[in-house]
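Enquirer: Quick one: structure below, then a few questions.
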DNA sequence: CCTTCTAACTTGTCGCTGACAAGATTGCCT
DNA sequence: AGGCAATCTTGTCAGCGACAAGTTAGAAGG
């Protein structure tokens with residue numbers, strides 16, 4: 357069972373997605389190659405096409421997996437703490453811990469953004485943040501909750517993107533969680 | 357002078373950068389091809405290499421141009437209004453109006469982030485936002501201005517990224533400037 | 001006017017990649 | 001035991017980035 361078989365790898369789909377995560381962590385999503393993934397998995401160069409159709413199919417699956425993981429992480433933080441700040445911290449932690457997924461998820465030119473499974477996972481992950489905003493006192497949010505949701509999403513998403521891109525100055529430090537907490541206090545605070 | 361010459365195009369470097377903007381606006385940076393740019397400019401497939409070395413060289417030049425444009429836009433907004441909110445609006449407007457540049461600038465895996473000209477332009481553009489934060493009353497910022505700068509940068513950068521990625525819900529509307537103003541009031545407001 | 005030199009551009013080629021077509025193998029189901 | 005569908009392989013093609021070597025335009029200097 358542990359031996360490499362010529363046929364019927366058994367879990368090739370999952371293996372390829374894991375290899376994609378490794379490859380993207382090494383060299384970014386732009387340098388990703390299906391043939392390299394096949395080599396890493398020890399299968400022929402055309403094997404990935406059977407499971408994902410084409411390159412964008414693989415990235416669609418990876419993005420879907422990412423949105424599911426993000427949705428679970430946000431829901432967990434909200435249920436555990438009931439605090440919007442902690443949901444935001446979980447958002448940034450997800451981006452840092454699942455860098456490869458995150459770097460694909462918000463790059464819709466790389467995958468098929470109309471895929472039904474992806475849309476469902478994406479919508480579900482969005483609930484995590486909007487439910488988190490619902491924990492805020494109503495007088496801080498105002499009549500319409502949408503701008504507050506966008507503000508919360510924007511600040512943590514922007515921080516995560518800048519952090520991953522290495523755009524932030526070194527004075528920010530090496531721990532993203534500390535930096536997020538120091539920054540997010542300017543939002544929704546009287 | 358207007359005729360296409362076989363040799364000595366005259367302004368090929370600028371022509372190729374403009375073609376890259378068009379191509380990225382059409383299909384995103386991932387699909388960019390040097391040979392396609394050469395075809396658009398009416399030159400041979402190897403002509404781009406002479407001006408930019410390789411693909412990452414071209415994207416480095418494009419990113420540098422983008423940081424220069426962004427720096428100018430932010431400085432202009434700050435000098436015109438002296439208001440941090442307007443600087444933030446200018447940031448988002450730059451991202452929307454110069455989508456191709458913006459999509460490359462914050463993707464350092466696509467270019468050479470250590471290029472001296474790029475670093476200089478990047479640092480200069482960063483001043484625009486930090487000087488904008490300096491217009492805030494000191495009691496809203498606190499002793500250390502850095503977290504406030506990161507907060508301001510994050511919220512506008514996150515909004516711009518989400519907007520360009522089509523990740524925001526349709527209820528946000530079609531005008532990014534209106535949406536930014538509705539959102540940014542949650543930052544630095546008592 | 002003529003030579004010479006250099007930057008700008010072309011042609012040719014290589015290995016790699018994604019996509020597709022057609023064939024081989026395997027395990028499941030009856 | 002036999003069929004069958006899913007899984008994976010081999011073979012092939014055009015497009016791409018990078019490199020090497022050759023060609024041309026135009027400027028610089030006598």
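Residue numbers (my numbering), protein chains in the order written: chain V, 357 to 546; chain F, 357 to 546. Where is the CB? At the ideal position from N, CA and C, for every residue including glycine.
When we look at the beta-carbon of residue 385/F and count the other beta-carbons within 10 Å, is it buried (16 or more) or exposed?
Expert: With 16 or more other Cβ atoms within 10 Å, it is buried.
Enquirer: Counting pairs of beta carbons, one from the stretch 407 to 425 of chain V and one from the stretch 470 to 483 of chain V, are three or more of them closer than 8 Å?
Expert: yes
Enquirer: Is it right to say residue 400/V is buried, meaning 16 or more other beta carbons lie within 10 angstroms of its own, or is it exposed?
Expert: exposed
Enquirer: May I have the straight-line CA-CA distance separating residue 437/F from residue 503/F, to the nearest angstrom?
Expert: Taking the straight line joining both Cα atoms gives about 23 Å.
Enquirer: Under the three-state reduction of DSSP, which class applies to residue 543/V: helix, strand or coil?
Expert: It is a strand residue.
Enquirer: Less than 7 Å between the C-beta atoms of residue 308/V and residue 415/V, yes or no?
Expert: Shown here, chain V extends from 357 to 546; a query on residue 308/V therefore has no answer.
Enquirer: Since residue 384/V meets chain F, which of its residues come closer than 7 Å, beta carbon to beta carbon?
Expert: 465
Enquirer: Using 10 angstroms around the beta-carbon of residue 527/F, count the other beta-carbons present and answer buried if the total reaches 16, otherwise exposed.
Expert: exposed
Enquirer: Quick one: list the residues of chain F neighbouring residue 543/V, beta-carbon separation under 8 Å, in chain order.
Expert: 507, 511, 542 and 543
Enquirer: Could you check whether the stretch 430 to 445 of chain V touches the stretch 403 to 412 of chain V, counting it as contact only if at least three pairs of C-beta atoms, one from each stretch, sit closer than 8 Å?
Expert: In short, these stretches do not touch, since the Cβ pair count stays below three.
Enquirer: Can you name the start and end residues of the alpha helix (DSSP H) that residue 503/V belongs to?
Expert: Run containing residue 503/V: 502 to 520, per the alpha helix (DSSP H) assignment.
Enquirer: Taking the continuous alpha helix (DSSP H) assigned at residue 528/F, which residues delimit it?
Expert: According to the DSSP assignment, residue 528/F belongs to no alpha helix (DSSP H), since it is labelled neither H nor E.
Enquirer: Tell me, please, whether the CB atom of residue 518/V is closer than 7 Å to any CB atom in chain F?
Expert: True, the Cβ-Cβ gap to chain F drops below 7 Å.
Enquirer: Name the chain F residues whose beta carbon is nearer than 8 Å to that of residue 462/V?
Expert: 517, 518, 521 and 523
Enquirer: Throw me the rounded Cβ distance for the residue 456/V and residue 506/V pair, which I believe falls under 8 Å.
Expert: So it is not a contact: roughly 26 Å between Cβ atoms.
Enquirer: Spatial neighbours of residue 404/F within its chain, please: C-beta separation below 7 Å, excluding the five flanking residues on both sides.
Expert: 372, 390, 393, 394 and 414
Enquirer: Return the Cβ separation of residue 484/V and residue 540/V in integer angstroms, given the expectation that the two are a contact with Cβ distance under 8 Å.
Expert: 16 Å between Cβ atoms; not a contact.
Enquirer: According to DSSP, is residue 432/V helix, strand or coil?
Expert: helix
Enquirer: Run through the stretch 363 to 397 of chain V for me and flag every whole alpha helix (DSSP H) of 4 or more residues, listed as ranges in chain order.
Expert: DSSP runs (the alpha helix (DSSP H)) wholly in the stretch 363 to 397 of chain V: 368 to 383 and 390 to 397.
Enquirer: For residue 361/V, would you say it is in contact with chain F, using Cβ-to-Cβ distances shorter than 7 Å as the test?
Expert: The predicted position of residue 361/V is uncertain, since its pLDDT is 47 and thus under 50; no value can be drawn from it.
Enquirer: Which runs of the alpha helix (DSSP H) spanning at least 4 residues fall entirely within the stretch 419 to 485 of chain F, listed in chain order?
Expert: You should have 440 to 453 and 455 to 461.
Enquirer: Alpha carbon to alpha carbon, what distance is there between residue 515/F and residue 536/F?
Expert: 8 Å
Enquirer: Counting only Cβ pairs nearer than 8 Å, list the residues of chain F close to residue 503/V.
Expert: 535, 538, 539, 541 and 542
Enquirer: Kindly indicate which residue of 387/V, 518/V, 468/V and 417/V has the alpha-carbon position closest to the one of residue 462/F.
Expert: 518/V
Enquirer: How would you list, in chain order, the residues of chain V whose beta-carbon sits under 7 Å from the beta-carbon of residue 527/F?
Expert: 502
Enquirer: When burial is assigned at 16 or more other CB atoms within 10 Å of the CB, is residue 493/F buried or exposed?
Expert: Residue 493/F is exposed by the Cβ-count criterion.
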